[in-house]
Amino acid sequence: MRRDMFLKSLAALAAAGTLPLSALAAANIKMMIPANPGGGWDTTGRALGKALVDSGAASTVIFENKGGAAGALGLAQFVNGSKGDANALMVMGAVMLGGQITGKPPVSLSQATPIARLTSEYNVFVLPANSPFKSMAEVIAQLKKDPGSVKWGGGSRGSTEHIAAAMIAREVGVDPSKINYVAFRGGGEATAAILGGNVTIGGSGYSEFAEYINTGKMTALAVTSDARLKGVAVPTLKEQGINVVIGNWRGVYGAPGITAAQRQALTDLVLKAVKTKSWA
Numbered sequence: 028m029r030r031d032m033f034l035k036s037l038a039a040l041a042a043a044g045t046l047p048l049s050a051l052a053a054a055n056i057k058m059m060i061p062a063n064p065g066g067g068w069d070t071t072g073r074a075l076g077k078a079l080v081d082s083g084a085a086s087t088v089i090f091e092n093k094g095g096a097a098g099a100l101g102l103a104q105f106v107n108g109s110k111g112d113a114n115a116l117m118v119m120g121a122v123m124l125g126g127q128i129t130g131k132p133p134v135s136l137s138q139a140t141p142i143a144r145l146t147s148e149y150n151v152f153v154l155p156a157n158s159p160f161k162s163m164a165e166v167i168a169q170l171k172k173d174p175g176s177v178k179w180g181g182g183s184r185g186s187t188e189h190i191a192a193a194m195i196a197r198e199v200g201v202d203p204s205k206i207n208y209v210a211f212r213g214g215g216e217a218t219a220a221i222l223g224g225n226v227t228i229g230g231s232g233y234s235e236f237a238e239y240i241n242t243g244k245m246t247a248l249a250v251t252s253d254a255r256l257k258g259v260a261v262p263t264l265k266e267q268g269i270n271v272v273i274g275n276w277r278g279v280y281g282a283p284g285i286t287a288a289q290r291q292a293l294t295d296l297v298l299k300a301v302k303t304k305s306w307a
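The sequence shown runs 28 to 307 under our numbering.
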């Protein structure tokens with residue numbers, strides 16, 4: 028995670044007024060993570076919690092995981108149970124926005140209070156180590172031959188990897204509605220399915236799969252960035268003749284019904300946290 032990404036994202040908030048310079052009293056934060064343990068939101072939320080404590084911005088951080096439906100279940104619990112709570116935070120990201128569009132849940136993200144964008148990254152598509160396929164070209168050939176036989180694994184429907192899989196299918200001349208996509212409630216479940224060979228190909232943020240790629244437990248086929256990721260020897264989809272570029276990002280929201288001053292205080296807490304070495 029890079030603090031400069033956060034600092035840039037804060038520009039819009041800062042433009043509305045000068046950020047308070049005085050240090051805030053340490054708070055007891057409740058962090059909603061609208062996904063099961065082990066995935067990107069979980070990792071991001073717990074890293075932010077550690078940074079909040081390490082920086083002295085928070086005395087304690089209590090985490091709650093509530094996965095499912097692209098974060099809609101956790102969002103509903105957060106919105107309905109945290110109204111006016113100035114010490115409540117929720118991790119979210121592009122996946123939740125996709126789920127809001129595709130799933131049309133009864134509780135909207137617009138009911139909560141945006142605080143900051145925290146990280147951004149691109150996805151990677153991988154194979155299980157024991158896969159009979161060796162390249163993206165081989166996977167695409169099978170996809171063209173029999174779309175249903177290629178089982179894609181990733182986050183909830185509407186996630187960036189789900190959208191990317193549909194974009195890949197369309198780009199190679201396959202009806203996106205024919206893809207066999209298996210949605211998991213969290214990154215931990217998706218990782219287990221890939222490692223166990225229960226899906227043909229899996230996708231997620233590169234950071235989630237990096238350790239498995241580096242140890243040979245997964246074979247990286249392609250990243251969804253426009254150019255190769257720095258220090259990563261994995262070709263882009265574009266390099267392989269598939270004109271698909273899509274990124275992912277994660278952020279943090281406050282509870283509905285908090286005041287402007289409370290929102291600013293939460294912004295200050297997060298800003299203090301992301302300046303720590305544990306976050307950088």
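From the three backbone atoms N, C-alpha and C, an ideal C-beta is built for every residue, glycine too.
Is it buried or exposed for asparagine 332, if we count other Cβ within 10 angstroms and need 16 for buried?
Absent from the structure is residue 332, since the part of the chain shown begins at 28 and ends at 307.
Got a sec, what are the start and stop residues for the alpha helix (DSSP H) asparagine 107 sits in?
Looking up residue 107 in the sequence shown gives position 80. 99–108 is the span of the alpha helix (DSSP H), which, as asked, contains asparagine 107.
Tell me which same chain residues have a C-beta within less than 7 Å of the C-beta of phenylalanine 320, skipping the five on either side of it?
In the structure as shown, the chain begins at 28 and stops at 307. Residue 320 is therefore absent and cannot be evaluated.
Please confirm whether glycine 281 and leucine 298 have their CB atoms less than 7 Å apart.
In the sequence shown, the residue the question calls residue 281 occupies position 254. In the sequence shown, the residue the question calls residue 298 occupies position 271. Cβ atoms of glycine 281 and leucine 298: not closer than 7 Å.
Starting from glutamate 148, trace the beta strand (DSSP E) in both directions and tell me its first and last residue.
Residue mapping note: residue 148 aligns to position 121 of the sequence shown, counting from 1. Counting along the chain, the beta strand (DSSP E) containing glutamate 148 begins and ends at 140–155.
Based on the DSSP output, what are the partners of tyrosine 280 in its beta bridges?
For the purposes of this step, residue 280 is taken as the residue at position 253 of the sequence shown. In the DSSP output, where bridge partners are listed per residue, tyrosine 280 has Met117 and Pro141.
Cα-Cα separation between valine 250 and alanine 237, rounded to whole angstroms
Walking along the sequence shown from the start, residue 250 turns up at place 223. Walking along the sequence shown from the start, residue 237 turns up at place 210. Approximately 12 Å between the Cα atoms of the pair.
Can you give the beta carbon distance from leucine 248 to tyrosine 233, rounded, assuming they're within the 8 Å contact cut?
Translated into the one-based positions of the sequence shown, residue 248 becomes position 221. Translated into the one-based positions of the sequence shown, residue 233 becomes position 206. Not confirmed; about 12 Å, so no contact.
Which term fits alanine 254, buried or exposed, when burial requires 16 or more other beta carbons within 10 angstroms of its beta carbon?
Taking the sequence shown and counting its residues from 1, the one referred to as residue 254 is at position 227. Classification for alanine 254: exposed.
Judging by CA-CA distance, which residue of Gly213, Leu102 and Thr87 is the nearest neighbour of asparagine 114?
Counted from its first residue, the sequence shown places residue 114 at position 87. When each option's Cα is compared against that of asparagine 114, the closest is Thr87.
Identify, in the order they occur along the chain, each residue of the same chain with its Cβ nearer than 8 Å to the Cβ of alanine 52, setting aside the five sequence neighbours on each side.
Sequence index remark: in the sequence shown, residue 52 carries index 25 (1-based). Its pLDDT being 49, under 50, alanine 52 is placed unreliably in this model, and the coordinates cannot settle the point.
In this structure, what does DSSP give as the bridge partners for valine 209?
Mapped onto the sequence shown, residue 209 falls at position 182. Answer is Gly180, bridged to valine 209.
Is the distance from the Cβ of arginine 277 to the Cβ of glycine 120 below 7 Å?
Counting from 1 along the sequence shown, the entry for residue 277 is found at position 250. Counting from 1 along the sequence shown, the entry for residue 120 is found at position 93. Cβ atoms of arginine 277 and glycine 120: closer than 7 Å.
What is the DSSP secondary structure of serine 234, reduced to helix, strand or coil?
The sequence position of residue 234 within the sequence shown is 207, counting from 1. DSSP places serine 234 in helix when its eight states are reduced to three.
Use the C-beta contact count for isoleucine 142: other C-beta atoms within 10 angstroms, 16 or more gives buried, fewer gives exposed.
Residue numbering aside, residue 142 sits at position 115 when the sequence shown is read from its first letter. Label assigned to isoleucine 142: buried.
Helix, strand or coil at leucine 222 according to DSSP, with G and I counted as helix:
Counting from one through the sequence shown, the residue named residue 222 turns up at place 195. The answer is helix: DSSP assigns leucine 222 an H, G or I state.
Would the region 91–100 count as touching the region 260–267 if we require 3 or more Cβ pairs under 8 Å?
no
Enclosing beta strand (DSSP E) for alanine 307 [first to last residue]
Here the question's residue 307 lines up with position 280 in the sequence shown. Neither: alanine 307 is in no beta strand (DSSP E) and is coded neither H nor E.
Three Cβ pairs or more, each shorter than 8 Å: is that satisfied between the region 101–116 and the region 146–165?
no
By the 10 Å Cβ neighbour count, where 16 or more other Cβ atoms means buried, how is serine 176 classified, buried or exposed?
Looking up residue 176 in the sequence shown gives position 149. Serine 176 comes out exposed.
Contact defined as beta carbons within less than 8 Å: I believe glycine 181 pairs with alanine 217. What is the distance between those atoms, to the nearest angstrom?
By one-based count along the sequence shown, residue 181 stands at place 154. By one-based count along the sequence shown, residue 217 stands at place 190. With 8 Å as the limit, glycine 181 and alanine 217 qualify as a contact, their Cβ atoms being about 6 Å apart.
Can you tell me which residues form a DSSP beta bridge with threonine 246?
As a first step, residue 246 is located in the sequence shown; it is residue number 219 there, counting from the start. Paired residue(s): Leu154.
Residues of its chain near lysine 244, where Cβ-Cβ distance is below 7 Å and the 5 sequence neighbours each way are ignored:
As a working mapping, residue 244 is identified with position 217 in the sequence shown. So the qualifying residues of the chain are Ala156 and Leu222.
Sheet register partners of valine 88 (DSSP bridge)
Residue mapping note: residue 88 aligns to position 61 of the sequence shown, counting from 1. According to DSSP, which records beta bridges pairwise, valine 88 is partnered with Ile56.
Roughly how many angstroms lie between the CA atoms of proline 262 and tyrosine 149, to the nearest whole one?
As a working mapping, residue 262 is identified with position 235 in the sequence shown. As a working mapping, residue 149 is identified with position 122 in the sequence shown. C-alpha separation (whole angstroms): 12 Å.
Could you check which residue in Val80, Trp68 and Gly67 has the C-alpha nearest to that of asparagine 55?
As a working mapping, residue 55 is identified with position 28 in the sequence shown. With distances taken between Cα atoms, asparagine 55 lies closest to Val80.
On the three-state DSSP scale, how would you describe threonine 263?
Looking up residue 263 in the sequence shown gives position 236. It is a strand residue.
8 Å CB neighbourhood of glycine 130 in its chain, flanking five on each side removed:
Along the sequence shown, one-based indexing puts residue 130 at 103. Cβ within range, chain order: Ala96, Ala97, Ala99, Arg184 and Gly185.
Rounded to whole angstroms, what's the CA-CA distance from glycine 67 to lysine 172? Just pull it up for me.
Here residue 67 refers to the residue found at position 40 when the sequence shown is read from its first residue. Here residue 172 refers to the residue found at position 145 when the sequence shown is read from its first residue. Rounded to whole angstroms, glycine 67 to lysine 172 spans 33 Å at the Cα level.
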